[in-house]
Structures are given as structure tokens and as C-alpha cells.
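Q: Quick note on numbering: the sequence shown equals residues 1 to 540 in the UniProt record's numbering. Note that CB positions come from ideal geometry on N, CA and C, so glycine has one too. Being a predicted model, the structure only gives us computed values, none of them experimental. Quick one: the structure is below, and I'll ask about it shortly.
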Amino acid sequence: MSTSDFQRSDSARHRLPARHRRSRLQSLLSTRVGWDTVGRVVLTLVTAVAVATTGLGWWTVRGALHGITVSDALGADAPKSTGGAMNILLIGLDSRKDQQGNDLPQALLDKLHAGDSDNGGYNTNTLILAHITADNHVVAFSIPRDDYVRVTGIPGYDHIKIKEAYGLTKANAMQHLMDKGVTDQAELERKSREAGRAATLAAVRNLTGAPIDYFAEVNLAGFYDIAESLGGVEICLNHPVYDDYSGADFPAGRQMLDASQVVAFVRQRHGLDNGDLDRTHRQQAFLISVMHQLQKDGSFSDLGKLNQLIGVAQKDVVLSAGWGQEQFKRMGEIAGGANVQYRTLPVVRYDNIDGQDVNIVDPMAIKVEVAKAFGLKPPPGAPTSTPSTSTEPSTLDKAADSTGTTSKNAKTAVIDVINGSDVMGLGRQMSEILGDLEYSMGQTRSSQDGELSSTAVDFGAGTDAEAKHLAELLGIDAVRADPSVPAGRIHVTLGPGYQVPDTLDSVSLAAAKSSNYDTTLPTPESGPPVRANDGLPCVN
Numbered sequence: 001m002s003t004s005d006f007q008r009s010d011s012a013r014h015r016l017p018a019r020h021r022r023s024r025l026q027s028l029l030s031t032r033v034g035w036d037t038v039g040r041v042v043l044t045l046v047t048a049v050a051v052a053t054t055g056l057g058w059w060t061v062r063g064a065l066h067g068i069t070v071s072d073a074l075g076a077d078a079p080k081s082t083g084g085a086m087n088i089l090l091i092g093l094d095s096r097k098d099q100q101g102n103d104l105p106q107a108l109l110d111k112l113h114a115g116d117s118d119n120g121g122y123n124t125n126t127l128i129l130a131h132i133t134a135d136n137h138v139v140a141f142s143i144p145r146d147d148y149v150r151v152t153g154i155p156g157y158d159h160i161k162i163k164e165a166y167g168l169t170k171a172n173a174m175q176h177l178m179d180k181g182v183t184d185q186a187e188l189e190r191k192s193r194e195a196g197r198a199a200t201l202a203a204v205r206n207l208t209g210a211p212i213d214y215f216a217e218v219n220l221a222g223f224y225d226i227a228e229s230l231g232g233v234e235i236c237l238n239h240p241v242y243d244d245y246s247g248a249d250f251p252a253g254r255q256m257l258d259a260s261q262v263v264a265f266v267r268q269r270h271g272l273d274n275g276d277l278d279r280t281h282r283q284q285a286f287l288i289s290v291m292h293q294l295q296k297d298g299s300f301s302d303l304g305k306l307n308q309l310i311g312v313a314q315k316d317v318v319l320s321a322g323w324g325q326e327q328f329k330r331m332g333e334i335a336g337g338a339n340v341q342y343r344t345l346p347v348v349r350y351d352n353i354d355g356q357d358v359n360i361v362d363p364m365a366i367k368v369e370v371a372k373a374f375g376l377k378p379p380p381g382a383p384t385s386t387p388s389t390s391t392e393p394s395t396l397d398k399a400a401d402s403t404g405t406t407s408k409n410a411k412t413a414v415i416d417v418i419n420g421s422d423v424m425g426l427g428r429q430m431s432e433i434l435g436d437l438e439y440s441m442g443q444t445r446s447s448q449d450g451e452l453s454s455t456a457v458d459f460g461a462g463t464d465a466e467a468k469h470l471a472e473l474l475g476i477d478a479v480r481a482d483p484s485v486p487a488g489r490i491h492v493t494l495g496p497g498y499q500v501p502d503t504l505d506s507v508s509l510a511a512a513k514s515s516n517y518d519t520t521l522p523t524p525e526s527g528p529p530v531r532a533n534d535g536l537p538c539v540n
């Protein structure tokens with residue numbers, strides 16, 4: 001599949017300038033949370049390497065680590081955790097190709113029920129952000145692959161599913177390299193994947209507000225390889241299941257599955273009462289089972305088994321630069337205690353945009369939940385008290401209020417938007433947002449030569465109160481009376497570096513409005529946390 005083919009087939013639906021029109025009926029009928037967990041095996045593989053540093057000795061393992069691909073995508077200047085904590089992003093890449101861009105063997109793909117190299121693209125169908133406290137307690141947030149997020153730096157796109165950041169950026173980077181005359185396939189694959197990883201890291205940081213200290217990535221083959229190296233994995237089902245799509249055909253109760261069956265177990269979505277939510281719990285149960293099995297079978301003290309697991313890691317895993325003895329030692333201690341809580345980021349509602357199922361999320365609510373779970377400071381703009389006692393509305397509440405449903409602020413001015421930044425389409429995006437908020441929109445244009453381009457709200461006669469309210473909504477400090485602005489009009493200038501507040505991008509606004517919908521369907525529920533120290537959990 002060519003670079004252009006990938007872009008058209010996988011994500012052309014999110015291209016600008018098409019305006020997203022959300023159908024209430026579509027949002028209620030859409031039922032996908034939608035994410036695979038090929039990458040959950042990353043934690044197992046990384047932990048196996050960690051334990052091996054004790055079983056085999058650090059210097060022996062250090063030599064083995066030279067066979068693992070190391071990525072510099074994180075960057076030395078990336079934000080870091082403090083106080084002895086560390087955050088690790090686990091990436092499961094749904095690619096049917098190896099690190100050099102070669103197709104995986106068809107015989108292996110057949111065992112995985114995974115089609116061929118034209119399927120899957122380079123979607124990150126699993127993203128898990130794990131927070132490890134100074135005393136080695138772990139909270140791991142699964143990020144649903146269809147979360148619809150705002151992005152910058154991907155030509156032609158302003159919103160995508162978070163799983164698409166890797167593949168879209170990789171495709172653009174590869175095209176850029178080929179335009180410069182690079183023809184070596186291995187070099188094209190290596191450099192374009194680095195760009196994809198960097199984009200994924202940025203997307204997760206922007207969504208969660210949390211720093212990322214390390215990451216680990218595994219491809220599709222890694223999942224099968226780890227299950228095969230263990231000789232199968234024990235699982236427990238509440239009910240019998242059968243599914244043609246994934247190949248799942250299992251009775252109820254506890255049972256041992258071989259590697260091919262394990263893949264079917266964690267990939268099944270069809271035929272389950274709760275669809276992807278049930279699949280999410282299966283994937284969490286898989287990792288819990290693997291960790292218990294490694295401990296119960298003595299694999300952590302079996303040097304042959306550890307060597308085998310390290311071999312899988314060398315072939316299937318990419319680690320960020322900076323992994324060392326201290327990090328692996330802590331991972332080994334975690335493996336011994338298995339004190340891990342698995343959670344899933346909240347989804348406001350399901351929607352269908354341009355014919356594709358997406359998850360509408362509230363970025364501020366996500367940042368607040370992650371900050372609380374990770375022990376971080378509340379994000380800027382977060383509510384300062386609980387809803388039951390708060391007398392001051394949050395920014396998201398103000399946004400919803402500005403739609404006119406309960407508005408205390410009359411909208412009489414005409415708003416002109418001037419894009420003084422270098423971000424193409426930013427002015428149009430802001431105009432759409434303000435239009436959705438039921439403001440009367442005037443011109444949308446780029447700044448002209450000699451015109452001030454710094455971020456500001458300039459208002460004409462009779463609009464001072466409305467201008468101040470608008471500036472507060474947009475996070476703009478500079479509010480100025482300007483005699484050159486006609487009476488009854490407000491000029492909003494978006495200067496270099498301006499970013500639309502998370503709570504006011506078009507998707508977050510939809511989340512705010514959704515609270516006013518009269519619907520009997522429940523809000524998507526991620527279910528209770530799954531803990532790794534609860535024994536073998538039974539799942540649907």
C-alpha cells in the first residue's frame with residue numbers, strides 16, 4: 001500500500017475543511033469504544049527483561065539489550081515526572097510489518113486471524129499510560145483507540161482518532177523523505193516510525209496532561225510470540241463464546257489457551273454484551289494471568305525461560321532511550337508484588353463523524369482524573385471544588401452556558417476572527433466554534449501587513465461586557481477598546497502560539513452540549529478497575 005493509499009483509506013474522513021455535523025441519532029446508535037490490546041504484552045516483556053537483570057545479572061542482560069531497538073523519539077527535553085515516580089507509555093502497534101518494513105510471514109498472520117500486510121496500517125490500537133509511584137504502586141490507564149482528539153502538525157487534519165497519530169505522521173514523514181531522495185527501505189521505515197512515535201507521544205501528553213518518562217512499543221507478532229513462549233495462558237470466562245471474526249470458540253469457566261487461541265480471546269469484540277468494554281476487561285485479565293503464571297511456574301527464576309522472553313523482546317519490542325538498571329529493577333519489584341490497578345479513560349459519548357465511529361471525550365475531565373490518580377497538580381482551568389459544593393462554574397460549564405440554553409450573556413455583537421498565527425485553518429476553526437456557541441459571525445481572515453498580530457480581543461463601542469466575557473472563554477488576557485473597530489463589533493486576533501482551550505475545541509464543545517440532550521441511553525461506563533492482585537479474574 002502506498003503512502004497516499006494509506007492516507008486515503010485510513011483517515012481521509014477527517015480532512016479539512018469539511019465541517020463535522022454530529023447527528024444525535026448517530027451518536028446514540030454508535031456503540032464502539034474500540035481498541036485492541038496487542039500492546040498489553042509490552043508490560044510483560046519489559047517486566048521479563050527486568051526480572052532477568054536479577055536472574056541473569058545486569059551485565060549479561062545489558063549485553064542482550066543491545067539487540068533491542070532503541071528510539072530517541074521521546075527527546076531529552078520532554079517533561080519528566082518528579083518525586084521518584086515514573087510514567088511509562090505502552091504502545092501496541094497494529095502493524096503487519098517488522099522493524100525494517102518487511103511483511104510478517106503470512107503463516108503467522110493466518111494464526112492471528114489478522115489478514116495480510118494491507119490490514120491494520122500503523123494504528124496504535126493499544127495505548128496504556130502506566131504511573132509507577134515512588135513505592136512501586138501502579139495505576140495504568142487504557143486510552144481507547146477511537147478517542148477523538150485535536151492535533152497540530154499533521155497536514156490536512158485538525159482532529160483524528162488518537163490511534164491514527166502514528167500512521168498519519170509516519171506516512172507524511174516517509175513522503176517527505178522520499179521527496180528528498182531517500183530510497184533505502186530500512187532508512188525510510190526507521191525514520192518515519194520515529195516521527196510516528198513522536199506524534200503519538202505528543203497526542204497522549206496533550207490528552208492526559210501527564211509527562212511521559214519512558215515508552216515501550218510492541219508489534220502484532222509480539223503478542224503471539226509471548227503467548228507461545230509461555231506455552232499458553234490460563235483464562236476464565238463467565239459465559240461460552242463463539243465468534244467467526246476473531247476465531248474465538250471457548251466454553252465457560254477456567255481453561256488453558258494456546259497462543260493462537262489467546263490472540264482470539266483478546267481480539268474478540270463481536271458477540272459480546274458490552275462490545276469493546278468487555279474486550280478491554282479481557283485484555284486486562286490476560287496481562288494479570290500472564291504475570292501470575294510467570295510467578296507460579298517459576299519462570300522468573302528459570303534462566304532458559306527468561307532468555308526466551310528476552311529473545312522475544314529483541315525481535316518485537318522498541319524501547320525509548322534511557323532504560324537502565326534502575327528502571328528494570330523497579331519493574332522487577334512490581335512483577336513480584338503485582339500491585340497494579342487497570343483503569344480506562346472516560347468517554348462522554350459515542351458519535352459518528354464522516355461515517356466513522358469516534359469517542360467524544362472531555363479533555364479537561366480526563367486531565368483532572370489522570371492528575372488525581374497520578375498525584376499531579378490539577379491542570380490549569382480545572383474546577384477548584386467538587387460539583388456538589390462549587391459555586392463557580394468550570395470553563396466547560398461556561399462553554400455549555402454560552403450555547404444559549406441557559407445564557408446570562410446576551411450575544412449582540414458581530415465577531416470578526418483574524419488569524420495572525422502561522423497555523424493554517426486556525427481562524428476558520430475558531431469561527432466554527434464561536435458559531436456553535438451562537439455568536440453572530442462576521443469576517444474570518446488572515447492578518448494583513450502592518451496589522452498587529454498578537455493575541456487580543458479588541459472591541460468597538462457598546463460591546464465591552466460581551467468582549468470581556470468572550471476573552472475569558474477563549475483564554476485571552478488582552479482586552480482593549482479600539483476606536484478603529486466599528487460599534488457593535490468585536491475583533492478576535494489569534495496570534496503566534498495561541499491554542500484553542502481544550503474545553504472549547506469543537507469536540508469538547510460537543511461534549512459540553514451533550515449534557516443537555518434528553519436521552520434514556522446511559523453515559524458510556526468503563527466499569528470498575530481491574531486489579532492485578534485479585535487472582536485470575538473471570539470476564540465476559
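1. Count the other CB atoms, across all protein chains shown, that sit within 10 Å of the CB of M430; report buried if there are 16 or more and exposed otherwise.
2. Which residues does DSSP list as the beta-bridge partners of Q448?
3. To the nearest angstrom, report how far apart G271 and V539 are at their CA atoms.
4. By the DSSP assignment, the alpha helix (DSSP H) with K180 in it spans what residues?
5. Using the Cβ count rule (16 or more neighbours within 10 Å means buried), how would you classify N419?
6. Looking only at DSSP bridge pairs, what is R150 linked to?
7. Assuming L201 and D147 form a contact by the criterion Cβ under 8 angstroms, report the distance between their Cβ atoms to the nearest whole angstrom.
8. Cutting at 7 angstroms between CB atoms, please list the residues of its own chain near I415, excluding the five before and the five after it.
9. What does DSSP give as the partner residues of D103 in its beta bridges?
10. Specify the secondary structure class of A78 as computed by DSSP and reduced to three states.
11. Beta-carbon separation of I366 and R349 under 8 angstroms?
12. Using the Cβ count rule (16 or more neighbours within 10 Å means buried), how would you classify D225?
13. Distance, Cα to Cα, G497 vs K170?
14. State the DSSP-derived secondary structure class of G84, mapped to helix, strand or coil.
15. For A321, which residues from the same chain have a beta carbon less than 8 angstroms from its beta carbon, with the 5 sequence-adjacent residues on both sides left out?
16. Output the boundary residues of the alpha helix (DSSP H) element that contains T200.
17. Going by alpha carbons, who is nearest to P105 out of V139, A221, D135, L177?
18. For P363, count neighbouring Cβ atoms within 10 angstroms of its own Cβ and tell me buried if that reaches 16, exposed if not.
19. Have a look at L188 and G167 and give me their C-alpha separation to the nearest angstrom.
20. Nearest to Y245 by alpha carbon, out of R428, A313, V139, V266?
21. Can you tell me whether Q185 is buried or exposed? The criterion is at least 16 other CB atoms within 10 Å of its CB, across all chains shown.
22. Among A487, G495, C236, which has the Cα closest to the Cα of G253?
23. By how many angstroms is the C-alpha of S453 removed from the C-alpha of residue 541?
24. Skipping 5 residues on each side, what residues in its chain have a beta carbon closer than 7 angstroms to that of D249?
25. The ligand COA and G156: does any heavy atom of the ligand fall closer than 7 angstroms to the residue's C-beta?
26. Should T444 go down as buried or exposed, given a rule of 16 or more other Cβ atoms within 10 Å for buried?
27. Determine the DSSP secondary structure at R254, reduced to helix, strand or coil.
28. CB-CB under 7 angstroms to V312, same chain, minus the five flanking residues each way: which ones, in chain order?
29. Rounding to the nearest angstrom, what Cα-Cα distance links G55 and V138 in this structure?
30. Which residues in the same chain have their Cβ closer than 7 angstroms to the Cβ of Q268, if we skip the five residues on either side of it in sequence?
31. Considering only their Cβ atoms, is the gap separating P537 from T344 smaller than 8 angstroms?
32. Considering Cα atoms alone, identify which of K191, A413, Q327 is closest to H469.
33. May I ask you to list the residues that DSSP assigns as paired with residue 542?
34. Can you give me the C-alpha to C-alpha distance between G304 and I310, rounded to a whole angstrom?
35. Please tell me whether D103 and N219 are closer than 8 angstroms, where the distance is taken between their beta carbons.
36. Thinking A467 and V457 are a contact (beta carbons under 8 angstroms), I'd like their distance in whole angstroms, please.
A: The short version:
1. buried
2. According to DSSP, which records beta bridges pairwise, Q448 is partnered with nothing at all.
3. 14 angstroms
4. Where K180 is concerned, there is no enclosing alpha helix (DSSP H), given that its DSSP letter is neither H nor E.
5. buried
6. H159
7. The Cβ separation is near 15 angstroms, so there is no contact.
8. L434, Y439, S440, M441, G442, I490, V492
9. K97
10. coil
11. no
12. buried
13. 25 angstroms
14. coil
15. V70, S71, D72, L74
16. 185-208
17. A221
18. buried
19. 14 angstroms
20. V266
21. exposed
22. C236
23. Within the shown structure, residues of the chain are numbered from 1 to 540, placing residue 541 beyond reach of any answer.
24. Y242
25. With respect to the ligand COA, the structure shown offers nothing to examine, as it has no ligands at all.
26. buried
27. strand
28. L45, G222, D225, I226, S229
29. Confidence at G55 is low in this model, with a pLDDT of 49, below 50, so its placement is unreliable and the value that follows should be read with caution. The alpha-carbon atoms of G55 and V138 are separated by roughly 23 angstroms.
30. V241, D243, S246, A248, R279
31. no
32. A413
33. Outside the shown range of the chain, which is 1 to 540, sits residue 542, and nothing can be said about it.
34. 10 angstroms
35. no
36. 5 angstroms
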